[in-house]
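Visitor:
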Amino acid sequence: MRKRVFFIHGWGGGPEEGWRPWLKERLEAKVFTVINLSMPDTDYPRMNEWVETLSGAVGEPDKDCFFVGHSLGCITILRYLESLPKGKKVGGALLVAAFTQDLGINEIKNFFIKDINWEKIKKHCDNFTVLLSDNDHYVPITYGDIFKEKLNAKIIIEHDLGHFNGDDVTTELPPILDAFSQLAK
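With the numbering used here, letter number 95 in the sequence shown gets 105, and the count goes up by one each step, no holes.
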């Protein structure tokens, strides 16, 4: 069975922006099946709708199921993992520009109404890599410490890549491909 990879973009983003099309092409060449999701109502996202969209796309999760999230897409992955029934495990998750609080942004506060259930998440996935940048204007690299402590995540700090979107990066981002390749081997 081919490994499946689900891309979940961030707040205000879309599946065809930035590095996602490039990464999709690279992973498909490595014999992954890539599902580049378009999340609903990206300017005013609702956690339940985003988790339902991800859940519907995944169907039956298994060890050959991987995730690549960017920004708000990362907390969507964590909330999805919280929702899985007992005994379900996925292969791993690459969390790019990941955070654990609302960052003072009203439009995303509903993703953080309840505390993150780290123990439940670890029961469904024990393979996390978090990719952060030392000059991200939204997400400080100190979030890496939280993911390392709570999920035993591998933390990678890149230099001068901002929030990994928009003018911060090009459409080709080898550090993301490298991080995912290590995660999914």
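Where is the CB? At the ideal position from N, CA and C, for every residue including glycine.
Taking V106 and C75 to be in contact with their CB atoms under 8 Å, please state how far apart those CB atoms are, rounded to whole angstroms.
Guide: So it is not a contact: roughly 18 Å between Cβ atoms.
Visitor: Quick one: using the 10 Å Cβ neighbour count with 16 as the cut-off for buried, is V41 buried or exposed?
Guide: Exposed is the call here.
Visitor: If you draw a straight line from the C-alpha of L33 to the C-alpha of D146, how long is it?
Guide: Their Cα atoms are separated by approximately 21 Å.
Visitor: Between T139 and K164, how many whole angstroms is the CB-CB distance? I'm expecting something under 8 Å.
Guide: Correct: roughly 5 Å between the Cβ atoms.
Visitor: Our contact map puts I18 next to I87 with C-beta atoms below 8 Å; I'd like the distance itself, whole angstroms only.
Guide: I18 to I87, Cβ: 6 Å. Contact.
Visitor: Note down, in chain order, each residue of its chain lying with its Cβ closer than 7 Å to the Cβ of D178, except the 5 sequence neighbours on either side.
Guide: Cβ within range, chain order: L171, G172.
Visitor: On the DSSP bridge assignment, give the partners of F16 in chain order.
Guide: Looking at the DSSP assignment, F16 forms a beta bridge with I45, F77.
Visitor: Kindly list the residues whose CB is nearer than 8 Å to the CB of I166, restricted to its own chain and excluding five residues on each side of it in sequence; keep chain order.
Guide: Within the same chain, I166 has close Cβ partners T139, V140, L141, L142, P185, A189.
Visitor: Pop quiz: F174 and H80 are said to be a contact at Cβ under 8 Å. What is the actual Cβ separation, rounded to whole angstroms?
Guide: Indeed, because the Cβ distance is near 6 Å, the residues count as touching under 8 Å.
Visitor: Since I believe S93 is in contact with V61 (beta carbons under 8 Å), could you give me their beta-carbon distance rounded to a whole number of angstroms?
Guide: Contact flag correct, Cβ pair sits at about 6 Å.
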